[in-house]
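First up is the structure itself, then whatever we jot down about it.
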Amino acid sequence: MDRVERANRIIATIRDIPPGQVASYGQVAEMAGIPRGARQVGRVLRELPDDHDVPWYRVVQAAGTIAFDEGSRPFREQKKRLAGEGVRVVRGRIDMRRYRWQPDLDELLWKPSDAWDDA
DNA sequence: CTGATGACTATAG
DNA sequence: CCTATAGCCATCA
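Going by my numbering, the residue at position 36 of the first sequence is 36; the numbering climbs one at a time, nothing skipped.
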């Protein structure tokens, strides 16, 4: 797997994060098939072209904090975009128990009938 | 090859 | 909550 492919998988994973939900750098890496690649995720995001439409703001640190310095331009931008989707940043933190992207749970919520078939 | 660098993370005090 | 420390790993000088 070369650099380009890793980047593509990371980008693809981030695109899959549903609006109103977030994922940590480490989570994105793991889901992209790159264990312990949190820093690589940050690198990819940092190197995206200016015009991209990747939902970068849905990626936050594992603790629920925004990776940029509080008060910085990107920090405010990210907080603003998240707020636009209903993700609140309270006292500098996002409640991960509530907003963390959980693919398994999403599936249950989206097509519950399938999961209940055998009942 | 070596060392420095991060949009990172986990743990300990 | 904060700092320090130690892992982590691709990339670059």
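Even for Gly, the Cβ is constructed at its ideal location relative to N, Cα and C.
Residues 34 and 40 of the same chain have their beta carbon placed closer than 7 Å to that of residue 6, with the five preceding and five following residues left out of the count.
Counting every other CB atom within 10 Å of its CB across the protein chains shown gives residue 110 a total below 16, marking it as exposed. Exclusion of the five residues before and after residue 58 leaves 17 and 22 as the residues of its chain whose Cβ lies within less than 6 Å of its Cβ.
Within a 10 Å sphere around the beta-carbon of residue 80 sit fewer than 16 other beta-carbons, which makes this residue exposed.
Fully contained in the stretch 59-85 are the following alpha helix (DSSP H) runs of length 4 or more, in chain order: 73-84.
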